[in-house]
Every structure is written in structure tokens, then in C-alpha cells.
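Per this note's numbering, residue 62 is the first one in the sequence shown, and the count goes up by one each step.
Cβ atoms here follow ideal geometry from the backbone N, Cα and C, with glycine treated the same way.
Predicted model only: the values in this text are computed from it and were never measured.
First up is the structure itself, then whatever we jot down about it.
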Amino acid sequence: MKAMLAASTAPAWIPSAAFGANERLALAVVGTGGRGRHLARQFAKLDEARVVAACDVDARALTTCVTEMHKAYGDAACAGYADFREMLVRPGIDGVIIATPDHWHALVGIAAARAGKHIFCEKPLANSIGESRALRDAVRRAGVVLQTGSCERSRDSARYCCEVVRNGYIGQLHTMFIHLPTDQGHHDQVRRHTVLPAAETPPIELNYDMWLGHTPKIPYYPGLHPGSWRFNLSFGCGEMSDRGAHVIDLAQLGNNSDGSGPVKVSARGWDDQHGLYNTPMAFEFENIYANGVKMIGGTTRSPRGVRFEGDEGWIFLRIHEGTLEASDEKLLKLDPATFKVQLGRTRSHEQNFIDAVKRGVRPFADVEIGHRSCTACLVNMISMRLGRPLTWDPLKERFVNDAEANRLMTPKMRAPWSLS
């Protein structure tokens, strides 16, 4: 299932003339599980994009995705690959959609950037601060577009909510409450593996060593793949960086701190497991930004979303549904056209990526935004792991006078993988 594809080395922030008005972007998806196939279907609906290749270490998922694309386009032009490196050297791919488990985001993204490909990378941007920063730097050097898959940021209601906050309609913002109730399905999956199960032989269709990538070599457990890999710290950081990458991302937008992050971090996690999974299933945190705004959150708050509180009112955005509540109904009926601070609108998060590549607009969740939101989640994870408060310097991107915390910013990588 291999094919030659057409090449493009279009730089980031390009004028629309770099792509013809009717020219489709040739896209390849890496990671063809449930999320990857969803994104492939979303891009297949757009007139200005075409999914021309797919890649996965599991032949079962890959075959399913390629077959879906053949049906979507009515031809057999979508090629399949087992190794993303082989796919990236083929000519004809303009952009890469990354929907792998979190521990692969940075390495695939860095390789794609070095190959001159634009990138749509699922959130969180990476599974560690160091990996996220390395991906950000690689994208900058390559001059390509990266859109983080923080799709909630592209909702009209989310952008309206943050405009209400940033235009002062709730007065001076002082607290952001982050509601991150753990998904019951996730809880049930984790509790089934509180005792480490017996290892199994990987399915013949799965290149398990490649699935592990840079992480330590461990036996195969179906509870990791296909399963809840995100609750094992080698592969993900649990709810904190999964749903948190949506909710904290919007707090960053509402606080006008897209290029920064908290400076004081205190987080506590518990109900962590000692079997197959080891991320806290319950946690709470309190952060302070340089402007004095507090961000307080945890798993005991429901429903999932972000509540902005000012000295004259509050507004709450419910994540995934996009519904709004407020201290005064008038806050929900303002005219965005009259706002001094306007955050823009888009047809969809995927279309926003296409517009960034073809028309040079800044994507709503560009690499810096994605990196900073990812970091805001992960500094809390490090505080949980160490069991103590931390001081973070968003400019230097280091913990202040804390070698132990700084060592947790980047994992050791198993050969032959590295960030260099």
C-alpha cells in the first residue's frame, strides 16, 4: 500500500498565491485510530484538502482508515504506510495530521517540520515540556504552519466567551475555575487494571516496538493498545493533559496569556493506580499568573468547562457542548461586532488550518499557543509528581532554582530516538 505523492515545500505565513485558488492540500494522517480516522473524515469533507496517505504501526487501524478514504473519494489514491519516515520522504505531501498517542507527537512533528510539511497535531502538543518546546523550535526553524488540535478554541461560543472576558464585561478578571471531572468510562477502564495483568504476545498486525517508540521497553498489554494508554505516564498524562488541554487552553485565551503561563504552581493528585496505569485519577491545583489572576481547578468540579470570575460578574463555558451561562443574561446577548478586542471566527478548526496554509492567516492554535497550553498542563503534573509547590518562569521556560523539577521536563529516550 505505497504510492508516490506530489511534493510541496510551501513556507509558513504564505500569501494565498503560493497555492492556487482551486488547489487542494495533499494531507497525510499519522495515527489512524479513532481520533485519526475522525480527523481524516473531517478533512475529507473540505474542498481544499485531500487525504492522500495514512500511516500506522497497527495494520488493522491502517487498513480501516485507507479503506474509508477510498470510499470517501471514490478511488484508491490514498496510500498506506507502516513507517512515517518512509512516508515523509515521498514527494507530494503538503501537510501531516498527527493523531498518534501523545508520546509520539513531538518526534513525528519534528520530522514533519524538517521535511517542510505543515502540521495539524492533536492536543496536547507533546507528553513533556521538553518535547513540546523542541517541536515548537523545529516548526519555527522550518517556517511551516502548525495547528494544535485544540478544537474547542474554534467554537464561536468559546471565542465569544473569551471576548466577553477580555473586553471587561465581567469587570477585572481575578479567578478562572477549571472543571475537569474524570470521564466515567476512563475511570472504569483504569479500575479494571489496578493489578498489573499478565503480559500478552502483541498482535501480529502490530509493530509493538515502534508503538513504544522512545519509551522504555515493556511487555505488551491490551489495556495500553488499543486502550487507555494516556493513563500511563510513559505515553500520556491522564485527564490533566487530555481534557485539560482543552479547558486550560481556553483559560489561557481568556486571560490573554497565550504566549505565557502561570508563575506559581501548586497541584495535588491522588487515587493514582499501581497496576498498568499510574496517573492520578483525581487531582486539584491552584496556579497564579504574573497578572495576579488565579487558576483553580480539579476533578471534583463539574460540568467540564471553564468559569471566568471578575469583580462585576462571571461567565461559564461548558466544554464539548459549547453552551454558556453567566451571572447576568445580558452577558450572553452582547454584539461581538462592537467589541474592541475581537478574536475572529472560523468555519471549523480544520478549515482554520487550511486558511493558515493557503492564505497566511495565523491559526487559532498555532505552535506557540499549543506549546504554552501544553506547558500549563504539564507544570501541574510535575507538581503532583513531586508533591510540592513550584515556581515557573515562562520566559526562560524553566522552574526557578529547582533542579529536581527541571529534570522532569524531558524524558530519557530509548535509542535510536532523540529530539536532536
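{"Item": "Just list the beta strand (DSSP E) runs in the segment 332–367, keeping only unbroken ones of 3 residues or longer that don't cross its boundaries, in chain order.", "Value": "343–349, 355–359"}
{"Item": "Leaving out five residues before and five after LEU294 in sequence, what residues of the same chain have Cβ atoms less than 7 Å from its Cβ?", "Value": "ASN339, THR340"}
{"Item": "Is the segment 311–325 touching the segment 347–356 in the sense that three or more CB pairs, one from each, lie closer than 8 Å?", "Value": "yes"}
{"Item": "At what residues does the beta strand (DSSP E) containing CYS126 begin and finish?", "Value": "From DSSP, CYS126 is part of no beta strand (DSSP E) but of the alpha helix (DSSP H) over 120–134."}
{"Item": "Figure out for me which residue from SER189, ARG146, HIS179 has the closest Cα to the Cα of LEU167.", "Value": "The residue you asked about is not Leu; residue 167 is Ala in the sequence shown. Ranking SER189, ARG146, HIS179 by Cα distance to ALA167 puts SER189 first."}
{"Item": "Beta-carbon within less than 6 Å of SER302's beta-carbon, same chain only, minus the 5 sequence neighbours each way: which residues are those?", "Value": "PRO185, CYS438"}
{"Item": "Would you tell me roughly how many angstroms separate the C-alpha atoms of GLN233 and ALA260, rounded to the nearest one?", "Value": "55 Å"}
{"Item": "Should VAL440 and ILE239 be called a contact, given that it needs their Cβ atoms to be closer than 8 Å?", "Value": "no"}
{"Item": "Less than 8 Å separating the beta-carbons of HIS410 and CYS212?", "Value": "yes"}
{"Item": "Who are the near neighbours of ASP372 in its chain, counting only those whose CB is closer than 7 Å to its CB and skipping five residues on each side?", "Value": "GLY232, GLN233, HIS235"}
{"Item": "Any beta carbon of chain C sitting closer than 8 Å to that of PRO341?", "Value": "Here chain C cannot be found, since the structure has a single protein chain."}
{"Item": "Are the beta-carbon atoms of VAL200 and ALA160 separated by less than 8 Å?", "Value": "no"}
{"Item": "Considering Cα atoms alone, identify which of ALA417, PHE296, ASP270 is closest to TYR281.", "Value": "ASP270"}
{"Item": "Excluding the 5 residues preceding and the 5 following CYS139 in the sequence, name in chain order all residues of the same chain whose CB lies nearer than 7 Å to its CB.", "Value": "VAL112, VAL113, ALA114, ALA115, VAL127, MET130, HIS131"}
{"Item": "Suppose the cutoff is 6 Å on Cβ atoms and the five residues either side in sequence are ignored; what does the same chain contact list for GLU347 look like?", "Value": "SER327, ILE357"}
{"Item": "Which term fits ASN413, buried or exposed, when burial requires 16 or more other beta carbons within 10 angstroms of its beta carbon?", "Value": "buried"}
{"Item": "Nearest CA to the CA of ASP163: which residue from MET148, ALA120, GLY210?", "Value": "GLY210"}
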